[in-house]
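Below: one structure, written as structure tokens.
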Amino acid sequence: AYNDALRGKATLSDANLNLAMQLPATSIQSKQTDLTVFGTAYGELLKNLELAKFNLLKETPVVQVLDEPILPLEKVKLGKMITGIITAFLFGFITVVVLAAKRVLKQI
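Residue numbers (our numbering): 15 to 122.
Quick look at the structure:
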């Protein structure tokens, strides 16, 4: 419809000019209009894309890994000997406390 309107304009624009000279101008105007429409559509598309990127960044939580281990961390364990000594000391201390409490209660 748009192309027909341009051709109609060219035909009716000037009755004195040759029609053959007016028809190539219609093609040029048509292409120029197509370029303008496509350029505007491309600009709107880019604007919407940037707006979508901005909204996505706004909704995405910010997570930053500050420090991560390079290798699996080594577990620090006490040796069997030290664990045995500490356990024996604790049981001995508890035994002394219980025996002392029995003695105190017996005297009362």
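Every residue gets a Cβ at the ideal spot worked out from N, C-alpha and C, and that includes glycine. Since this is a predicted model, take the numbers as computed values, not measurements.
Checklist entry - Expressed to the nearest angstrom, what Euclidean distance is found between the alpha-carbon atoms of residue 100 and residue 111? => result One-based indexing of the sequence shown puts residue 100 at position 86. One-based indexing of the sequence shown puts residue 111 at position 97. Distance between the alpha carbons of residue 100 and residue 111: 17 Å.
Next on the checklist: In this structure, how does DSSP classify residue 90 when only helix, strand and coil are distinguished?
Outcome noted: Working through the sequence shown from its first residue, we reach residue 90 at position 76. Note: residue 90 maps to coil in three-state DSSP.
Checklist entry - If you draw a straight line from the C-alpha of residue 46 to the C-alpha of residue 77, how long is it? => result What you label residue 46 is simply residue 32 of the sequence shown in a count that begins at 1. What you label residue 77 is simply residue 63 of the sequence shown in a count that begins at 1. The straight-line gap separating the alpha-carbon atoms of residue 46 and residue 77 is approximately 49 Å.
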